[in-house]
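**Student:** Protein chains in written order, with my numbering: chain F, 272 to 1277; chain L, 1129 to 1318; chain S, 105 to 213.
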């Protein structure tokens, strides 16, 4: 059984007992435990079920590479599936549940899949669910959906209860990894004065060395780590962050650091995760190496673990993974596990070493001296046991697996050698080279990822660089740290590497399959990818079926596609594939390493952008008043504008109808503050606006206003609005609400990049003003009651503007109308907007004043046949399509869009043109509906002859009105055309003039 | 006569690791012109009493100051009630020089973030190196804060003044509150 | 995510402060131009694998447009320069030529 040992546990605080629960059972652990070590201490070896076959699985590793130990944690707004037990620090009250089983972890019906596994090889889903096609939607999809997904998704109604944030940090040298290589590299870089950040993904510094032992500069590895950490912490130019993973390396030295702040202590205040957005001149990845499993039958039975993990649990957490542990290896390192277990008083019946007999290295001699039986040239034929190892069958590594002996045990420590963690090096294009001696890919220093100046910006130190001995690791890290600082521009002191005591090690032997000649039966029980249930036989089948590219084989078998992204399975899978293809491993190559290194929370990616600040909401100065007076908000870009002001007892539609009638009959107020207001000034301002607008603006008289159209260089209408000439050199251009920033940018672009010698300055003054449209037959009366400037027809004509005072406010008033009513748009400084609005509401009380929203505005303009950018236009419409030829100057030799509008397809008679549409029965046409003509097109579809661009119910005309673009529309007045609706009905509408209301234009002309 | 209301009516928040406040109405004038011309320089310096800042800098003296916005743009600061007078002075000084001076006081909002963690709060929102050795008193930076454009400078060692569009003021205030939430000290700037 | 130096305000900043504006040094063709010239101006763009001259705007900053010479393969930035030019300046061309010998502007490499 796995249990807590009396000795060991360097990371534990045994004076603080923590209670937690697993599948509802309350268990005890210590402060300093991970969930994995605490579960093992409670003999909970079985931790989950695999994804495809629902096989029982226990923890394999002790770090972030763990494929099996995934649990769901928390409840409600704290619920999260797929949390790795090996990287989850234990806290009081932790609640974890295992995943992927029904009804329980111990008895899982889905395990039937395992019995059928012979019939579910690689590509099973592709082959099985393809015929017949009629089954796709209603038979296969439900089956696959039911089986899909790892763990349960949070409930749709639960909102993440935690907060997250970003942090922008800049440094000269970023070191990812806080093992001895990372610490030494940081020290070397910092010695020259460089600003250094060290990021360590776990809660502790020192990495593997503190577990593996060794002597550095005459001290133990542990003492060395303590000393160098203290040294670094004392330096002002060094920042060390634990619980921060280097998640990804991106272009130009951009690195994401994923800091887990409160996962280990949920009671703490503050954000749960912080995503560091780091720019580093140089990044050193000192990310260590990951031990590889060996591929033998039954290597997934709970109790079969990586040798290094078993050692970690014993040394760091004082936990035995079993009473009797068989070690199986192809290298020296696993001997450390045997030795550590022996020192902890545990039984190691044998070390099964696949290497042929030969000279003993220091470690081998030590193991022998402890009385451990060493079987050279042997391997495991098969592991015995279901939910727990109970023995291993031993065979010759060279043979086909004939059982020579069975050894009873309850744990197996396996080691297939070590693979450098090259992920971060590779993320941004760093290339790898094959290291024959370690049978692993390591970074190729000649082909690093390139930065903004073409320089390499990532280097690798220590075990991540393929180094294996303490001395080599420390020396490599020192050189790397010195070099990174120098490349980052620092020419300070060069640090010296510490010296470690040397030990002899015997070379490892690549072992990709155990035994070498294992038959199908054994190969189909030899797991490569634990999480996705990919076996040696699956990869071989994929190769047979022609998936010879590693990227194809990966996707076909799903090898390396689980949440662990193949950290354990990658190299073993490549080796099997290469063997099947009869080619060397480097020729097969690796799959692509993509960020993040391990999954990071969606919350951390979003950072602060959630809830109220999910996105900016722009508010006008009268926002609060609108909110308090029933505004039904409409998003217009980032602005919020009242769609209508809904009074108690009425629907939104009723409010719109009321506002629309009232504005025509009495007095309406519109908050028009969002309309863009751009000031254009200079001796060449007129010439500039003549280029920007289709009409002539340079001829506009001071004091006058003119409606203008703006087109893109491609000829299409992009914006419209009223231009006022303020003085000889100054114009104020109104834009649409959504257009203020883009049109300002458009102006700047042409001024800066094409006509930079023209003397024009522009400024966006949109938000300087609160602007109110005072609209309706009583508009003038209201302003007269306010008192001040003369707003009479004689003193203030249509399409004029004036500065003056109204009710004591300094105003700029424009007599313009987008409603066909008598109308003044009045601008006051934004800080006076609310007061001015209040004043208008007060004087309007006796005049039938009502505020109105954007939908009323739309109906009023549609009744008059005024176009709306975004309704009548969609980026493919030219002004000529809308019958706006009157606003296109014929005198000007040039304006933006003029050349484009001369193109053949812009001038031919086949373009759809704007008309009014009246339903025969008075109902309202569906918005966006298409009109159908005779016959079909080349694709056999009904011929389309037009579409609805705006459609409303007009309360003033008591019928539906619409505008639309129709083929030969203006020539077909009176004709009835048919619009099939999505509701199955046909809508018949008569082509009419688009001006439905007051066609003579008498109403504003008073 | 009537209430002048700044974007957030001087809202403050002191519940987190930094103090956040909207400072109320601040006079602001955008000046666009050829910054090498004597008329443009003199019109600005004489109206504010501070020197023209170098590229990327701001000079200020209380509510008055000049911020370098771009190669042909300055942001002139003055007390809110003196905007009209300042504009008249500037126009007089500019004479016939080709330039554009326009009141933008109401188009923008000014917020302050202060306290020992002010730098860290700002560094959560702006992609700018705000470490003390990189961002110093006197510097002026136009950038973005989360999803909106903003500009800021430091009025003392622990206080940032931020200028943003008036319509975005509430968003910026809310952002700062999130960034300054309790327990969110980073401890990076030493 | 790229880092660019704005030659107008001198700020070096990450890509989120900038807005990409496509190929640089386009010559405008207006009324009276031939269909072919107008088509080339309006629609035809280089898509080089390698050196590219681009327009960028420092939109979350000083607001100015500028040009950048960049390698679309390695993302190396050879330099940034004024938008008020019809041709890349000599010093930029020299830097590119030193790093990409034989480089020819407008040639697909």
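A virtual CB, placed ideally from N, CA and C, is assigned to each residue, including glycine.
All of these numbers come straight from a predicted model, not from anything done at the bench.
1) Please list, in chain order, the chain C residues whose beta carbon lies closer than 8 Å to that of residue 117/S.
2) Are the beta-carbon atoms belonging to residue 452/F and residue 744/F less than 8 Å from one another?
3) At a Cβ threshold of 8 Å, is residue 1102/F touching chain L?
4) Keeping to the same chain, check which residues put their C-beta closer than 7 Å to that of residue 482/F; ignore five residues upstream and five downstream.
5) Leaving aside the five residues before and after residue 184/S along the sequence, list all residues of the same chain whose C-beta is less than 8 Å from its C-beta, in chain order.
6) DSSP state of residue 213/S, grouped into three classes?
7) Indicate the three-state DSSP secondary structure (helix, strand or coil) for residue 1088/F in the structure shown.
8) Taking residue 325/F as the query, report the chain S residues whose CB atoms sit under 8 Å from its CB, ordered along the chain.
9) What span of residues does the alpha helix (DSSP H) with residue 1245/L cover, start to end?
10) Within 10 Å of its beta-carbon, does residue 956/F have 16 or more other beta-carbons around it, so buried, or fewer, so exposed?
11) Assuming residue 142/S and residue 133/S are in contact, meaning their beta carbons sit under 8 Å apart, how far apart are those beta carbons, in whole angstroms?
12) Of all the options 1141/F, 828/F, 1133/F, 1206/F, which has the alpha carbon lying nearest to the alpha carbon of residue 1230/F?
13) Here's a check: name, in chain order, each residue in its chain whose Cβ is nearer than 7 Å to the Cβ of residue 1183/L, leaving out the five neighbours to either side.
14) At a Cβ cut of 7 Å, what residues of the region 1282-1310 of chain L count as close to chain F, listed as they run along the chain?
15) With DSSP as the reference, please indicate the residues paired to residue 301/F in a beta bridge.
16) Rounded to whole angstroms, what is the Cα-Cα separation between residue 690/F and residue 560/F?
17) Specify, as a first and last residue, the run of the alpha helix (DSSP H) that residue 952/F falls within.
18) Counting only beta-carbon separations shorter than 8 Å, does residue 880/F have a partner in chain L?
19) I'd like to confirm the pairing. Which residues does DSSP put opposite residue 1035/F in its beta bridges?
20) When you compare the CB of residue 1247/L with every CB in chain F, is at least one pair closer than 8 Å?
21) Determine the chain L residues that contact residue 120/S at a beta-carbon separation under 7 Å, and present them in chain order.
22) Give a yes or no on whether the minimum CB-CB distance between residue 1198/L and chain S is below 8 Å.
23) Over the uninterrupted beta strand (DSSP E) stretch that includes residue 548/F, give me the two end residues.
24) Quick check: the region 719-737 of chain F against the region 535-546 of chain F, are there 3 or more CB pairs under 8 Å?
25) Can you tell which of 1091/F, 1068/F, 1036/F, 1033/F has the C-alpha that lies nearest to the C-alpha of residue 939/F?
26) I need the boundaries of the beta strand (DSSP E) containing residue 730/F, first residue and last residue.
27) What did DSSP end up calling residue 1141/L once you bin it into helix, strand or coil?
28) Between which two residues does the beta strand (DSSP E) holding residue 1228/L run?
29) Three-state secondary structure (DSSP) at residue 751/F?
30) Could you spell out the range, first to last residue, of the beta strand (DSSP E) harbouring residue 494/F?
31) On the DSSP bridge list, what partners appear for residue 1040/F?
32) Can you check which of these residues, 564/F, 871/F, 438/F, is closest to residue 355/F by C-alpha distance?
33) Rounded to the nearest angstrom, what separates residue 898/F and residue 908/F at their Cα positions?
34) Confirm, please, whether the CB-CB distance from residue 1237/L to residue 1277/L is below 8 Å.
35) Kindly say whether residue 1275/L, judged by its beta-carbon, lies nearer than 8 Å to any beta-carbon of chain F.
**Tutor:** Quick answer:
1) Absent from the structure is chain C; the protein chains it does hold are F, L and S.
2) Taking a C-beta distance under 8 Å as the contact criterion, residue 452/F and residue 744/F qualify as a contact pair.
3) At a cut-off of 8 Å, the C-beta of residue 1102/F has a neighbouring C-beta in chain L.
4) Contacts found: 582, 583, 586, 587.
5) Only 108, 109, 110, 111, 160, 170, 171, 172, 173 meet the Cβ criterion.
6) At residue 213/S the pLDDT is 42, less than 50, meaning the model places this residue with poor confidence; the figure from the coordinates comes in the next sentence. Residue 213/S falls in the coil class under three-state DSSP.
7) Residue 1088/F: coil per DSSP, three-state reduction.
8) Ordered by position in chain S, no residue passes the 8 Å Cβ test against residue 325/F, which lies about 42 Å from the chain.
9) For residue 1245/L, no alpha helix (DSSP H) encloses it, and the DSSP letter there is neither H nor E.
10) Answer is buried; the Cβ neighbour count reaches 16.
11) Contact flag correct, Cβ pair sits at about 5 Å.
12) Nearest C-alpha to residue 1230/F: 1133/F.
13) When the five nearest sequence neighbours on each side are left out, the beta carbons in the same chain lying within less than 7 Å of the beta carbon of residue 1183/L are those of 1196, in order along the chain.
14) Flagged, chain order: 1293, 1294, 1295, 1296, 1298, 1299, 1302, 1303, 1306, 1307, 1309, 1310.
15) DSSP, once it has assigned bridges, lists 288/F as partnering residue 301/F.
16) Straight-line Cα distance between these residues: approximately 5 Å.
17) Premise fails: residue 952/F lies in the beta strand (DSSP E), 947-952, not in any alpha helix (DSSP H).
18) Closer than 8 Å: yes.
19) Under DSSP, residue 1035/F takes part in a beta bridge, and its partners are 949/F.
20) Using a CB distance cut-off of 8 Å, residue 1247/L does not count as an interface residue toward chain F.
21) Going along chain L in sequence order, the residues near residue 120/S (Cβ under 7 Å) are 1255, 1272.
22) For residue 1198/L, the answer is yes, since a Cβ of chain S falls inside 8 Å of its Cβ.
23) Run containing residue 548/F: 544-556, per the beta strand (DSSP E) assignment.
24) Between the region 719-737 of chain F and the region 535-546 of chain F there are fewer than three inter-stretch CB-CB distances shorter than 8 Å, so the stretches are not counted as touching.
25) The option with the nearest alpha carbon to residue 939/F is 1091/F.
26) 729-731 is the span of the beta strand (DSSP E), which, as asked, contains residue 730/F.
27) When secondary structure is reduced to three states using DSSP, residue 1141/L falls in the strand class.
28) Bounds of the beta strand (DSSP E) holding residue 1228/L are 1227-1231.
29) Three-state DSSP puts residue 751/F in a helix.
30) Where residue 494/F is concerned, there is no enclosing beta strand (DSSP E), although the alpha helix (DSSP H) it sits in stretches over 492-504.
31) DSSP lists 1100/F as partners of residue 1040/F.
32) That would be 871/F, whose Cα lies nearest to the Cα of residue 355/F.
33) Distance between the alpha carbons of residue 898/F and residue 908/F: 18 Å.
34) Contact flag unset, no.
35) Taking Cβ atoms only, chain F reaches closer than 8 Å to residue 1275/L, which makes this a yes.
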